[in-house]
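Trainee:
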Amino acid sequence: MSKTKGSVRLYVKNDRFLCVIAGATTYAFATVGKANVQKTLLFLTALL
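All you need for our numbering is the position in the sequence shown, starting with 1, plus 7.
(1) Measuring from the CB of Phe24, is there a heavy atom of the ligand NAD at a distance below 7 angstroms?
(2) Secondary structure at Met8, three-state DSSP: helix, strand or coil?
(3) In angstroms with no decimal places, state the Cα-to-Cα distance between Thr52 and Ser14.
(4) Cβ atoms of Thr32 and Thr47: under 8 angstroms apart, would you say?
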């Protein structure tokens with residue numbers, strides 16, 4: 008049972024993380040433009 012609980016918690020954490028990434032990229036596209044999106048992605052991957 009603890010195994011299932013752990014994987015559910017991990018899934019929720021990953022889901023939230025993906026939402027943050029999606030939001031950050033959308034924000035980057037909307038405000039900065041395509042030139043700086045690559046920098047933003049590099050910054051996000053550095054956080055990993």
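Here a beta-carbon is modelled for each residue, glycine too, at the ideal position from N, C-alpha and C. Bear in mind the structure is a predicted one, so any value in this text is a computation, not a measurement.
Mentor: From the atom records:
(1) With respect to small molecules bound, the structure shown includes none, and the ligand NAD cannot be examined in it.
(2) Here Met8 scores only 47 on pLDDT, less than 50, and its place in the model is too uncertain to base an answer on.
(3) Straight-line Cα distance between these residues: approximately 23 angstroms.
(4) A contact, by the Cβ cut-off of 8 angstroms.
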